[in-house]
Each structure stands twice: as C-alpha cells, then as structure tokens.
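Structure first, commentary second.
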Amino acid sequence: MDRRDFLGSLAALGVLGLSFEACGVLPPVSKKTDGHFRFDENLVCIISDLHINPGRHQEQYFAGIVDQILTLNPRPRYVLCLGDIAYLTGKPEEYAAAKRYLDKLEKAGMKLTMTMGNHDRRAEFAEVFPAHAAASLLPDRYVYLVETPRADFILLDSLQEGEDKTTWINPGVIDDRQMKWLNAQLSSRTDGKPVFVMAHHALDDLKALRKPMFNCPSCQGFIYGHKHVWNSDWIHANFRDRDVLRTLCIPSTGHWGDIGFVTLALESDRAVATNHEQEFFFPGPCREGEKKPAFWTEIERENTGAVCVFPYK
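When the letters of the sequence shown are read in order and numbered with my numbering, they come out as residues 713 to 1025.
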C-alpha cells in the first residue's frame, strides 16, 4: 500500500469517523493479502511517538500504519519502537489499546523491542507488556541490545519520571547507571560490527552520549524520536578531527507532524533508512470539509520516500 492508497482509504472512510474529534476520517482497514510473505533478517522497521489516545485519531492512524507494515514484502524481522507509546501520561488503557495493534506485528513473526519516551510510565507499561519489561538488561529502566546479522542496536531509556502522574517531564536524561553500562558496551566492541545507539530524546538533551559514541569506531549513528519529524543530520566531535556521526529523527505514527514509519535496510557497507511518509498535519488532522494547507502538501512531497544513508566507517 502506497501513500496515495493510504490517503484514499482515509477519505473513503471519513463518514464513519464519529469518534474522531479532529477530523472525520479514518485510516484504512486491514486487507487480506493472498500470496506468501518472506522475512528479511537485514530489514528493520522503526516507529516512534504513537501517543495512543483510544478512539481518537492517534489510534486510528496507528492502525493504518500497522496495516501498511504488514503489507511489506519482504517483511522486516525487527520492529524497534522509540517511546511515547501512551498519549500523555502513560495510562494503562492507552498501553492496552497500543497492544492490540503491536500484537499483530508480533503474531506476524516480527521481533518487537520498545523503550520509553517522556509521555510513558514504566510501571503502567510493565502491567500491559510484562515480558518486554522483564527482558530489559537493567533494572528499573528499559534498556535493550538488539542483535541482527549485520548490525546491532542499543535502545536506551531517556524517560524522566516524576511523582505527579497527571503530568510529564519533557526533557530526557540517561542516568549514570545506563551511562556506565553503555560505556562498557561500546568500549568492548572490538569485532567491528556496526552498532547504532537509539533513544526517545534527541542529543540536545542527551549530550553525555556523544563522547562514548565518538570513542567507539563501530558506532554508526544515533536514531531518536520525540520531535515528530523526519530529519537527517550529523554531529561532529570537534574542529580538529574529520569524524562526524549521522543522526536521524523518526516521524510520529499519528499524533502530529510528519506521520509515518521508517525502514532501515542493513547492507554490507552501509545502512539505508527510508521514510514511509503517510501525511503531515499540525496540530491535528484537517477537520471534515477543511481545505488542506498547501504547506502540508509540500512537506509530504519532500519527505515521501526520503532516504538517509549511514555509510559504515
């Protein structure tokens, strides 16, 4: 299913969107597909910023994203989620709603790994996803190492969790225990296998990550969410060396901003990220009968199929 089919299905279903407060449209329903799917062990799907708000547009758009991921052939073996699974304050019913769709990916044979964003709550997440919580490599944080044939992925937990469960803390942080673990992980990598570091927040908040990443010759990039945009960029260690590191921001699956998901093809000498842009809107989708701003269309045109290449060092 391409972007045109996705948007056409949204329009066709518009009259059914009675619970959609911002716009009377819904993403496409699942389509049964004849034929056989195969898995690509070197293809990774990356999603972020689900912000599942049961019965509202965030859930409906995510349903469409999941359906589209399931139409990929070959299918990605791995799905990595970079947090903000819950809407705003990490309620159990939001995780339960997200699980209905994430279960489809796992039941289809994809290996799902999730970490936390600033709108998540660890205890509430663990109630709904106990196996995922238990698989963490560190206690009280959700930290993972995902190993694929050609590259590995380190997922860090940048959530700052306050005592007030009716609000959230926007900036991210990597605590000392995670930093110690990360330094050990990166410094012990002597086989040259490419590794990517991932977290919900950008390096603006997580400046401490820069040094260990630049000190690891096999670290190929930093991938994050939080900003709801497709954005490829780079950082430098200093003005004496030529060493730079690629960074990539992943779109939201349906909250606001760039809407879509990313696939990362792991090749022998590089990794190629492709943006599967579905739509752009801010701060919410168009209301029924509202004319779509031309600026939104231009952003969609620019970002649809956009590519970010990580050449291996």
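From the three backbone atoms N, C-alpha and C, an ideal C-beta is built for every residue, glycine too.
- Classified as buried, His938 has 16 or more neighbouring CB atoms from the shown chains inside 10 Å of its CB.
- Separation of the CB atoms of His940 and Asp761 is rounded to 6 Å, and the pair is thereby assigned contact status at 8 Å.
- Non-local C-beta neighbours of Met828 in its own chain, meaning closer than 6 Å and more than five positions away in sequence, comprise Gly795, Tyr854, Asp869, Leu871, ordered along the chain.
- Annotated as proximal: Ala847 and Tyr856, with beta-carbon spacing under 8 Å.
- Partner residues in a beta bridge of His938, as assigned by DSSP, do not exist.
- Fewer than three Cβ pairs drawn from the region 946–956 and the region 773–782 lie within less than 8 Å of each other, which leaves the two stretches out of contact.
- For the pair of segments examined, the region 894–906 was found not to touch the region 817–835: the number of CB pairs separated by less than 8 Å stays below three.
- Apart from the 5 residues on each side of it in sequence, Pro929 sits with its Cβ closer than 8 Å to the Cβ of Gly904, Lys1025 in its chain, given in chain order.
- Counting along the chain, Tyr790 sits inside the beta strand (DSSP E) bounded by residues 787–793.
- Assigned with DSSP and collapsed to three states, Ala977 falls in strand.
- Per DSSP, the unbroken alpha helix (DSSP H) holding Met891 starts and ends at 888–899.
- For Glu991, the enclosing beta strand (DSSP E) has its first and last residue at 982–993.
- Under the three-state reduction of DSSP, Gln770 is assigned to helix.
- Bounds of the beta strand (DSSP E) holding Met826 are 823–826.
- The C-beta separation of Pro995 from Trp968 comes to about 5 Å, placing the pair in contact by the 8 Å criterion.
- The three-state secondary structure of Tyr856, taken from DSSP, is strand.
- For Val956, the closest alpha carbon among the candidates Ser964, Gly933, Met891, Pro963 is that of Gly933.
- Contact between Thr975 and His988 is confirmed by a C-beta separation of about 7 Å, below the 8 Å threshold.
- An exposed status is given to Ala835, since fewer than 16 other beta-carbon atoms sit within 10 Å of its beta-carbon.
- If you compare the alpha carbons of Arg999, Asp864, Asn785, Asn943 with that of Ile1011, the shortest gap goes to Asn943.
- Secondary structure at Gln780: helix, using DSSP grouped into helix, strand and coil.
- Closest option to Asn882, judged by alpha-carbon separation, among Arg954, Ala977, Leu800, Tyr807: Leu800.
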